[in-house]
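Novice: 415 is the number that our numbering gives to position 206 of the sequence shown; each next residue is one higher, with no gaps.
All residues carry an ideal CB built from backbone N, CA and C; glycine is no exception.
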Amino acid sequence: MGALRDFVADMLESHGAAIDPIEPDGLEVLVPETLRAVLGWPEFARLGFGAMAPSGAIPIGLEGDWLDRFGTLLGERGRMVERQLEPVENFAAPRDPDSLLDRAFDLPNAVWRLRDARPAWTRCLLLALRYTAISDEKREGLLWLGFNQGTGAAIDGALLNRLRAQLGDVTDWRAPDADTSRAAGPAWDAATVAARVERLVEHLVRRDLGSFLSATRRRLERDRGRVHEYHDDLRRTAQMKLAALGSARGEKADGERKRETLRIAAIEREYAAKLDDLRHNYAMRVNVDWMQGVTLFLPVMRYEVTIKRRKGERIVSIDWHPTVRMIEPPLCEWGIGVERPRLVCDDRLHLTDPGGQAPCPDCGKAWCRACHPAACPRCRAGAA
Ligand SMILES: [Zn+2]
Ligand SMILES: [Zn+2]
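(1) Roughly how far, in whole angstroms, is the beta-carbon of THR425 from the beta-carbon of SER526, given that I think they are within contact range, below 8 Å?
(2) My output table needs one value for ILE524: the three-state DSSP class, helix, strand or coil.
(3) Roughly how many whole angstroms lie between the Cα atoms of VAL320 and ARG587?
(4) Which residues in the same chain as GLN375 place their Cβ atom closer than 8 Å to its Cβ, once the five residues preceding and following it in sequence are excluded?
(5) Can you find a heavy atom of ligand 2 that lies under 6 Å from the Cβ of ALA590?
(6) Span of the beta strand (DSSP E) holding MET449?
(7) Could you check which residue in ASP215, ALA342, ARG292 and ALA227 has the C-alpha nearest to that of ASP386?
(8) Please classify PRO268: is it buried, with 16 or more other beta-carbons within 10 angstroms of its beta-carbon, or exposed?
(9) Please list, following the chain, all residues that have a C-beta closer than 5 Å to any non-hydrogen atom of ligand 1.
(10) Which residues in the same chain have their Cβ closer than 8 Å to the Cβ of THR389, if we skip the five residues on either side of it in sequence?
(11) Leaving out five residues before and five after ARG348 in sequence, what residues of the same chain have Cβ atoms less than 7 Å from its Cβ?
(12) Could you give the distance in angstroms between the alpha-carbon of PRO538 and the alpha-carbon of PRO550?
(13) Mapping DSSP to helix, strand and coil, what is LEU213?
(14) Kindly examine ligand 2 and report whether one of its heavy atoms sits closer than 6 Å to the Cβ of CYS569.
(15) Compute the distance between the beta-carbons of PRO296 and PRO582, then report whether it is under 7 Å.
(16) Are ALA302 and ILE536 closer than 7 Å when you measure CB to CB?
(17) Let's test the definition: count the other Cβ atoms within 10 Å of the Cβ of PHE253 and tell me whether it reaches 16, buried, or not, exposed.
(18) With H, G and I counted as helix, E and B as strand and the rest as coil, what does DSSP make of MET220?
(19) Quick one: any contact between the segment 484–501 and the segment 268–282, if contact means 3 or more CB pairs under 8 Å?
(20) I'd like the list of long-range same chain contacts for PRO306, defined as Cβ closer than 7 Å, with 5 residues on each side in sequence excluded.
(21) How is the beta strand (DSSP E) around THR341 delimited, first residue to last?
(22) From GLY359 to PRO328, what does the alpha carbon distance come to, in whole angstroms?
(23) Since VAL436 contacts LEU487 with CB under 8 Å, what's their CB separation in whole angstroms?
(24) Candidates GLY521, TRP529, ILE524 and LEU560: which alpha carbon is nearest LEU540's?
(25) Of the residues ARG428, ARG478 and GLY521, which one's Cα is nearest the Cα of ALA492?
(26) Considering only C-alpha positions, which residue in the set ARG288, GLY235 and GLU242 is nearest to ALA262?
(27) Which ranges does the beta strand (DSSP E) cover as unbroken runs of at least 3 residues, wholly within the segment 217–285, from first to last along the chain?
(28) Rounding to the nearest angstrom, what Cα-Cα distance links THR243 and SER223 in this structure?
(29) With burial defined as no fewer than 16 other Cβ atoms inside 10 Å of the residue's Cβ, what is the status of THR380: buried or exposed?
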């Protein structure tokens, strides 16, 4: 409970409370009036954070509504924060940048050449999103994604995890100074961030929910199988009775024939209704909410790389992060860019996922979705 106690202590202090830790797992608090109403505590409160809490303490834990009440206190504060990491003193830059870049770049239709390398500051935006998936069961999760706004790269996977771990390890919080902020270049506008997040988030949520989705699909298949088996049996019995009547004539036989025919129709209707119920029960609704954003000002080793395709040339930047000793993936101007390969377009040398240069499904002409996001420039068929 140490982390929760530290968090509550920090938050109460920032709201003007006087606190005094008592061991084990407790806090004594002089609660200012503004907090008393929100938290429902007396002026002198003794709080307990674990099984060994001091006697007479108000038990505080992750269960109950304590987190909601603390959330009310925090309000919107801390939703967007800025933080600067210290430059790494005398870090050893990669000795062989060409082989480092060779692992980062996979350009099947272009070549690259290292042009320049220099230490720089960059600006990375890390975002925490919470998703809630509800079908017959519910699953919640938190996911992080990030972008290097200096190079345009998406930051995901091991690099993101290491950067976040690094943040947790450095307890000293430093706000960015004006020089660093300027050196790191401008922040993206809200529309650019929204467009980039939108591109990535569905992929990341689907990836996170992979086992939940397949378990749900299995339950749906199982129930569908049961429903089918049950109604199939009923229908087969009715059909056999109908067949047994054969071409028998007479009022009784006609009556039975009619009854079995109606029964079969009723069984089919019920089967369709049951399938509808299942579809409804297992339909998956996913909500994603933005929780927190951290703009990190990071020292990097910036490589400028010339990309060549046919007669065209273009310079892109890619950063190596000395704090975690990793290179980021190259930017991706269409698609999610979580795989390595990038195709380069003829006109403006955009780097895209391979699908971003695919042939048009209607007229067959290959076209760049970064140049023409809305539709095929030849036949105007919608972009896939
Ligand atoms: Zn293009
Ligand atoms: Zn076309």
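Specialist: By the coordinates alone:
(1) In the sequence shown, residue 425 corresponds to position 216, counting from 1. In the sequence shown, residue 526 corresponds to position 317, counting from 1. In fact, because the Cβ distance is near 42 Å, the residues do not count as touching under 8 Å.
(2) Along the sequence shown, read from residue 1 onward, the residue named residue 524 stands at position 315. ILE524: strand per DSSP, three-state reduction.
(3) Counting from 1 along the sequence shown, the entry for residue 320 is found at position 111. Counting from 1 along the sequence shown, the entry for residue 587 is found at position 378. Those two C-alpha atoms are separated by around 28 Å.
(4) Stepping through the sequence shown from its first residue, residue 375 is reached at position 166. Contacts found: LEU294, THR532 and VAL533.
(5) Taking the first residue of the sequence shown as 1, we reach residue 590 at position 381. Yes, Cβ of ALA590 sits closer than 6 Å to a heavy atom of ligand 2.
(6) Translated into positions along the sequence shown, residue 449 becomes position 240. Note, MET449: premise wrong, no beta strand (DSSP E); alpha helix (DSSP H) at 419–454.
(7) Counted from its first residue, the sequence shown places residue 386 at position 177. Answer by Cα proximity: ARG292.
(8) Counted from its first residue, the sequence shown places residue 268 at position 59. PRO268 comes out exposed.
(9) CYS554, ARG557, HIS559, CYS577, ALA579 and CYS580
(10) Taking the first residue of the sequence shown as 1, we reach residue 389 at position 180. So the qualifying residues of the chain are GLN293, TRP330 and PHE506.
(11) Reading the sequence shown from its first residue, position 139 is the one you call residue 348. Excluding residues within five positions, the ones whose Cβ falls inside 7 Å are ALA342, LEU418 and PHE421.
(12) Translated into the one-based positions of the sequence shown, residue 538 becomes position 329. Translated into the one-based positions of the sequence shown, residue 550 becomes position 341. Distance between the alpha carbons of PRO538 and PRO550: 10 Å.
(13) For the purposes of this step, residue 213 is taken as the residue at position 4 of the sequence shown. The answer is helix: DSSP assigns LEU213 an H, G or I state.
(14) For the purposes of this step, residue 569 is taken as the residue at position 360 of the sequence shown. Checking every heavy atom of ligand 2 against the Cβ of CYS569, one is found closer than 6 Å.
(15) On the sequence shown, position 87 is the one that residue 296 refers to. On the sequence shown, position 373 is the one that residue 582 refers to. Taking 7 Å as the Cβ cut-off, PRO296 and PRO582 do not qualify as a contacting pair.
(16) Taking the first residue of the sequence shown as 1, we reach residue 302 at position 93. Taking the first residue of the sequence shown as 1, we reach residue 536 at position 327. Result no, Cβ atoms of ALA302 and ILE536 do not sit closer than 7 Å.
(17) As a first step, residue 253 must be located in the sequence shown, where it is residue number 44. Answer is exposed; the Cβ neighbour count stays below 16.
(18) Counting from one through the sequence shown, the residue named residue 220 turns up at place 11. Three-state result, MET220: helix.
(19) no
(20) Your numbering for residue 306 matches position 97 in the sequence shown. Counting only Cβ-Cβ distances below 7 Å, and skipping sequence neighbours, we find LEU323, ALA326 and TYR512.
(21) Residue mapping note: residue 341 aligns to position 132 of the sequence shown, counting from 1. THR341 -> beta strand (DSSP E) spans 320–343.
(22) By 1-based counting over the sequence shown, the position of residue 359 is 150. By 1-based counting over the sequence shown, the position of residue 328 is 119. One C-alpha to the other measures close to 13 Å.
(23) As a first step, residue 436 must be located in the sequence shown, where it is residue number 227. As a first step, residue 487 must be located in the sequence shown, where it is residue number 278. That pair is a contact at about 7 Å.
(24) Counting from 1 along the sequence shown, the entry for residue 540 is found at position 331. Closest by alpha carbon: LEU560.
(25) Counted from its first residue, the sequence shown places residue 492 at position 283. Among ARG428, ARG478 and GLY521, the Cα nearest to that of ALA492 belongs to ARG428.
(26) Residue 262 sits at position 53 when you count from the first residue of the sequence shown. Checking every option, the nearest Cα to that of ALA262 belongs to GLY235.
(27) 227–231, 235–239 and 253–257
(28) For the purposes of this step, residue 243 is taken as the residue at position 34 of the sequence shown. For the purposes of this step, residue 223 is taken as the residue at position 14 of the sequence shown. If you take the alpha carbons of THR243 and SER223, they lie about 12 Å apart.
(29) The residue you call residue 380 lines up with position 171 of the sequence shown. Flag for THR380 reads exposed.
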